[in-house]
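Student: Before we start, here is the structure in question, set down as structure tokens.
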Amino acid sequence: MDATTSTTSTTSTGQGGGRLRWALADSWTMTRRELAHWARQPVEVLVGLVFPVMLLLMFTYLVGGGRGVDGDPTEYLVPGMLALTMAFGLESTMLAVTQDLGKGVIDRFRSMPMAPGAVLVGRSAADMLQSAAALAVMAGVGYAVGWRWHNGAAAALAAVGLLLLLRFAMLWVGIHLAMVAGRPELVQAVQILVWPVAFLSNVFATPASMPGWLGAVVEWNPMSATATAVRELFGNPGGATGSWAAEHAQLLAVLWPVAIIAVFFPLAVRKFARLDR
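For what it's worth, UniProt numbering labels the leading residue of the sequence shown as 1, then goes sequentially.
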């Protein structure tokens with residue numbers, strides 16, 4: 001009995017390890033597929049990197065950002081733009097997924113002997129790599145226009161972690177909405193919704209400079225929480241209002257993305273599993 005049990009346990013463990021290696025190999029294959037698109041479509045990648053830079057330069061030199069800030073408005077604006085860049089990635093995620101759906105690419109992948117979640121893992125991994133590149137470009141441009149961080153490398157890395165956590169949450173929102181929409185042309189409808197939510201935040205101006213009711217709404221925006229938290233970690237002016245949301249921005253910068261992931265990750269996985277139904 002003991003020998004049989006031991007043999008069965010060893011076999012199950014071996015099969016489990018084999019399934020894990022299979023899933024990782026398939027996921028890496030899907031990630032390399034997404035990365036290969038960068039080389040084939042460099043213009044799309046370049047536009048994705050340049051667009052937030054243009055916004056940053058426009059609000060720095062033309063429109064004027066950081067209204068209501070005590071201190072350098074550039075140091076207020078750049079962390080907010082970093083958070084905004086993570087939210088804008090939602091559109092590129094949706095476009096890529098809907099294009100694959102429209103061409104039947106995902107259906108072909110699902111008919112192949114591959115790990116069920118490899119397509120989603122590959123999409124998310126490539127997206128996160130592109131987001132990291134976008135952060136590096138934005139940080140470099142921000143440094144060039146006068147932004148600095150003041151609290152050391154550990155705090156700066158923590159800020160980058162919060163920004164990527166927000167991006168990871170928005171990624172799963174984009175994947176789920178893309179599979180619900182199913183067509184690239186419907187991405188424009190989502191863009192109309194993303195912009196008001198993105199700008200209804202403290203990215204460009206402090207809540208204290210807004211009407212009271214609007215400032216309260218803005219402070220509870222997930223993007224505002226991340227923007228405020230990274231400003232604190234970078235040692236940049238934050239325009240704090242003394243509210244609970246402002247005083248606990250770093251906590252909210254973790255809780256909001258985790259809550260979004262907890263909702264949209266299982267929704268995306270379920271929708272992916274039921275695409276052919």
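Note that the Cβ used here is the ideal one computed from N, Cα and C, for glycine as well.
Predicted model, so just to flag it, every value in this text is computed and none were measured.
1. Suppose you measure from the CA of residue 204 to the CA of residue 76; what does that come to, to the nearest Å?
2. Here's a check: name, in chain order, each residue in its chain whose Cβ is nearer than 8 Å to the Cβ of residue 138, leaving out the five neighbours to either side.
3. Which same chain residues, not among the five before or five after residue 92, have their C-beta less than 7 Å away from its C-beta?
4. Express the C-alpha separation of residue 189 and residue 224 in angstroms, rounding to a whole number.
5. Provide the residue span of the alpha helix (DSSP H) that contains residue 138, from first to last.
6. Can you name the start and end residues of the alpha helix (DSSP H) that residue 286 belongs to?
7. How close, in whole Å, do the beta carbons of residue 31 and residue 126 come, if the pair is a contact with beta carbons under 8 Å?
8. Considering residue 204, what are the terminal residues of the alpha helix (DSSP H) in which it resides?
9. Straight-line CA distance for residue 288 to residue 104?
10. Between the C-alpha atoms of residue 88 and residue 144, what's the straight-line distance to the nearest angstrom?
11. Between residue 201 and the rest of its own chain, which residues show a CB-CB distance below 7 Å, the 5 nearest in sequence each way excluded?
12. Going along the chain, which residues of its own chain have a beta-carbon closer than 7 Å to the beta-carbon of residue 175, five neighbours each way excluded?
13. State buried or exposed for residue 255, treating a residue as buried only when at least 16 other CB atoms are found within 10 Å of its CB.
14. Give the DSSP-derived three-state secondary structure of residue 224 in the structure shown.
15. Flag this pair as touching only if the stretch 230-237 and the stretch 147-157 have three or more C-beta atom pairs under 8 Å; answer yes or no.
16. Answer with buried or exposed for residue 41, where buried requires no fewer than 16 other C-beta atoms within 10 angstroms of its C-beta.
17. Is residue 168 closer than 8 Å to residue 106 when the C-beta atoms are compared?
18. Can you give me the C-alpha to C-alpha distance between residue 279 and residue 230, rounded to a whole angstrom?
19. Which of the three DSSP states is assigned to residue 115 in this structure?
20. Check residue 21 in the structure and name its three-state DSSP category.
21. Could you tell me whether any Cβ in chain B is nearer than 8 Å to the Cβ of residue 148?
22. Do residue 115 and residue 23 have their beta-carbon atoms positioned less than 8 Å apart in this structure?
23. Rounded to whole angstroms, what's the CA-CA distance from residue 172 to residue 212? Just pull it up for me.
24. Quick check: residue 258 and residue 90, are their CB atoms within less than 8 Å of each other?
25. According to DSSP, is residue 37 part of a helix, a strand, or is it coil?
26. Classify residue 266: buried if its beta carbon has 16 or more other beta carbons within 10 angstroms, exposed otherwise.
Tutor: So, from the listed chains and residues:
1. 8 Å
2. 52, 53, 56, 78, 81, 82, 85
3. 48
4. 23 Å
5. 118-144
6. Lying outside 1 to 277, the shown extent of the chain, residue 286 is not represented and no answer is given.
7. 5 Å
8. First-last for residue 204: undefined, no H or E at that position.
9. Residue 288 is absent from the structure shown; the chain starts at 1 and stops at 277.
10. 22 Å
11. 218, 221, 223, 224, 227
12. 93, 97, 120, 123, 268
13. exposed
14. helix
15. yes
16. exposed
17. no
18. Because the chain in this structure spans residues 1 to 277, residue 279 falls outside the shown range and cannot be described.
19. coil
20. helix
21. In the displayed structure, chain B is absent; only one protein chain is listed.
22. yes
23. 32 Å
24. no
25. helix
26. exposed
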